[in-house]
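The structure appears below as structure tokens.
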Amino acid sequence: MESMNLKDLVGNVTPMETLTHGEFGSINLQFIINKFTEIITYMDTNEIKALKQTNKPQYRGHMMDKYEDFYEKYPHFFEKAIEGENLGELFKMFRIIDAIQGNKIPPVFGNLIMRQYFAHKNLNEPFKSKELEELTKTHDRLKFQLSQKQQNNVVELKKSLGI
974 MESMNLKDLV
984 GNVTPMETLT
994 HGEFGSINLQ
1004 FIINKFTEII
1014 TYMDTNEIKA
1024 LKQTNKPQYR
1034 GHMMDKYEDF
1044 YEKYPHFFEK
1054 AIEGENLGEL
1064 FKMFRIIDAI
1074 QGNKIPPVFG
1084 NLIMRQYFAH
1094 KNLNEPFKSK
1104 ELEELTKTHD
1114 RLKFQLSQKQ
1124 QNNVVELKKS
1134 LGI
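Just so we're aligned, residue 974 is where the sequence shown starts under my numbering, counting upward by one.
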């Protein structure tokens, strides 16, 4: 496995203990990034690679025991980490959370952008183009409540997500 620099993938993470905003609940982004780094590094050992290949249930149990604190606090993030696949979407979600945490965008826009990202990503699924159209109308209606700097931050974030 190639050496990964998660900060490059996620972007600059504001060193704050806890993020609490709306639907994102209480998320300690720095803790998650640190655990991801630790898990990915551990998963890159020959012993763990072999265990994952030969006995997935035992591998999963071993990882749950070793990273119990992470599993209990953030089960969804834990599952993504031990799967080790499609982490790009998760890092995009971290960018949105970090933008909210750094007060670059309001929480309502973070939620809206995340929903737009997933609707845009899944346009081939039924009703997604209609959902994206509705989300875009909501965005256009609400953007006037933002300062110019926040509007620029929203535009910049959406560009980085490809929407």
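Backbone N, C-alpha and C fix where the C-beta goes; we use that ideal spot for every residue, glycine too. Computed from a prediction, not measured in an experiment: that's the story for all the values here.
Nonlocal neighbours in the same chain, by C-beta distance under 7 angstroms from residue i, ignoring five residues either side
| i | result |
| --- | --- |
| Tyr1040 | Lys1008, Ile1012 and Phe1051 |
| Lys1025 | Tyr1032 |
| Leu1060 | Lys1053 |
Nonlocal neighbours in the same chain, by C-beta distance under 6 angstroms from residue i, ignoring five residues either side
| i | result |
| --- | --- |
| Asn1126 | Lys1077 and Ile1078 |
| Arg1088 | Leu1108 |
| Met1037 | Tyr1044 |
Nearest to residue i (by Cα), restricted to the options the options
| i | options | result |
| --- | --- | --- |
| Thr1010 | Arg1033, Pro1030, Lys1053 and Glu1045 | Lys1053 |
| Ile1006 | Phe1043, Leu1085 and Lys1116 | Phe1043 |
| Pro1030 | Tyr1047, Glu1045 and Ile1055 | Ile1055 |
| Ile1136 | Lys1094, Ser1102, Arg1114 and Gln1124 | Lys1094 |
| Tyr1090 | Glu1045, Asp1038, His1035 and Leu1134 | Leu1134 |
| Lys1046 | Phe1004, Lys1025, Gln1026 and Thr1018 | Phe1004 |
Nearest-angstrom beta carbon gap, residue j and residue i [assumed within contact, 8 angstroms]
| i | j | result |
| --- | --- | --- |
| Thr1111 | Leu1130 | At roughly 16 angstroms, the Cβ-Cβ gap does not stay under 8 angstroms, so Thr1111 and Leu1130 are not in contact. |
| Lys1132 | Gln1124 | Lys1132 to Gln1124, Cβ: 13 angstroms. No contact. |
Beta-carbon proximity list for residue i, same chain, < 8 angstroms, skipping 5 on both sides
| i | result |
| --- | --- |
| Gly1057 | Ile1013 and Met1016 |
| Lys1022 | Met1016 |
message = Runs of 4 residues minimum, wholly inside the stretch 1032-1088: which ones carry the alpha helix (DSSP H) assignment?
response = Counting only runs that start and end inside the stretch 1032-1088, the alpha helix (DSSP H) elements of at least 4 residues fall at 1041-1046, 1048-1056 and 1060-1074.
message = So, does the stretch 1103-1110 touch the stretch 1060-1068, judging by three or more C-beta pairs under 8 angstroms?
response = Taking a cut-off of 8 angstroms for Cβ pairs, the stretch 1103-1110 and the stretch 1060-1068 do not touch, as fewer than three such pairs fall below it.
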